[in-house]
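When you line the sequence shown up against the UniProt record's numbering, it's residues 1 to 265, in that order. Report on the structure given below.
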Amino acid sequence: MDEKLGIAGSGAIACGLAAAAARHGQVVLWARSPDSARRAQAAVAKACGKISGEVNAAHVSVETDLDALGTATAVIEAVVEDPVAKAGLWGGLAGVVADEALLASTTSSLSVQALGAASGAPERFVGLHVFNPVPKMQLVELAFPVEATERTRQRAQDLCAALGKTAVAVPDIPGFVVNRLLFPYLFSAVTLQEESGLSAEAIDTCMQLGAGHPMGPLALLDFVGLDVAQAIGEAIGAPVPATLTALVEQGALGRKTGRGFYDYD
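Structure follows, in structure tokens:
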């Protein structure tokens, strides 16, 4: 891989991306706190262990000093899907990242144009939407601000190819392509459950065995995270079902909290 990758974030997407990149070279991952760094180190090691072939988790250096990203030639922000949080981080990165570094965000629904402006260098910016679990999922949606140069576009394509991913350039619209089409369908499953009283298992089994889906819609919502699903729905203008909103208010966010449409405890 020609780029030296730096990742700002320590959640599932950030750790999965670090593990996927570790087979191709050294990666620096920034975590906000020592506790976050310890969790990230464990998550990266676990993700590396699930990748076919030998992937050395030691290739990922987890740091708590933002300056550690200063030597990266490509910096990918992968923090919570909140425009204020992302813009704030880009403000902090402005004095850290190298002048020629490729800048990217893993946003799944926010305006790439606005994030590019927050970075201070929209000509070098790309929305690089990877899918969870990152080591297994092949697609990357690429969206660019209008200022992005042809060199930026080519570097983004080359980075995805080096990671073994298939990149598709998509318009900078809320939800891009996949989420814009996917989440109205997922929400329709919740609405069907509300109207019919069917169990989550019944709905998911129908879609798995009848439509050939690898995962049912309600299980998929739990996997994504119901708070994330709610944020995406609001961003793309898809009505969020009352049941999903109620679960989020209860702190039942899906697999990561042990309860959502299913009980994982």
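Even for Gly, the Cβ is constructed at its ideal location relative to N, Cα and C.
Count the other CB atoms within 10 Å of the CB of residue i; is the residue buried (16 or more) or exposed (fewer)?
i	result
GLU77	buried
THR205	exposed
ASN179	buried
VAL84	exposed
ARG155	buried
LEU89	buried
GLU141	buried
VAL23	Per the sequence shown, residue 23 should be read as Arg rather than Val. Buried.
ILE232	buried
TYR185	exposed
GLN230	buried
PHE136	Checking the sequence shown, residue 136 turns out to be Lys, not Phe. So LYS136 ends up on the exposed side.
TYR262	buried
Among the options, whose alpha-carbon lies nearest the alpha-carbon of residue i?
i	options	result
THR152	VAL177, PHE131, GLY237 and GLU123	GLU123
LEU109	ILE203, GLY116, ALA101 and HIS129	According to the sequence as given, residue 109 is Ser; it is not Leu. The shortest Cα separation from SER109 among ILE203, GLY116, ALA101 and HIS129 belongs to HIS129.
GLY175	GLY120, GLU195 and GLU81	GLU81
PRO34	VAL62, ILE13 and GLY260	VAL62
CYS48	ARG39, VAL60 and VAL97	VAL60
ALA200	ILE7, PHE187, ALA104 and ALA219	ALA219
GLY164	VAL146, ALA31, GLY11 and ILE51	ILE51
Specify, as a first and last residue, the run of the beta strand (DSSP E) that residue i falls within.
i	result
PHE125	125-130
LEU186	From DSSP, LEU186 is part of no beta strand (DSSP E) but of the alpha helix (DSSP H) over 178-196.
Can you find the residues in the same chain that come closer than 6 Å, C-beta to C-beta, to residue i, ignoring five residues on each side of it along the sequence?
i	result
VAL134	GLY16, LEU17 and ALA20
May I ask you to list the residues that DSSP assigns as paired with residue i?
i	result
TRP30	ALA8 and GLU63
GLY254	ARG259
ILE76	ILE7 and ALA104
Please work out which residues of its chain come closer than 7 Å, Cβ to Cβ, to residue i, disregarding the five sequence neighbours upstream and downstream, and give them in chain order.
i	result
ILE13	ALA78, THR106, VAL130, ASN132 and VAL134
LYS256	GLY225
Here's a check: name, in chain order, each residue in its chain whose Cβ is nearer than 8 Å to the Cβ of residue i, leaving out the five neighbours to either side.
i	result
LEU192	LEU198 and ILE203
Could you give the residue range of the alpha helix (DSSP H) that holds residue i?
i	result
ILE51	No alpha helix (DSSP H) contains ILE51, which DSSP labels as neither H nor E.
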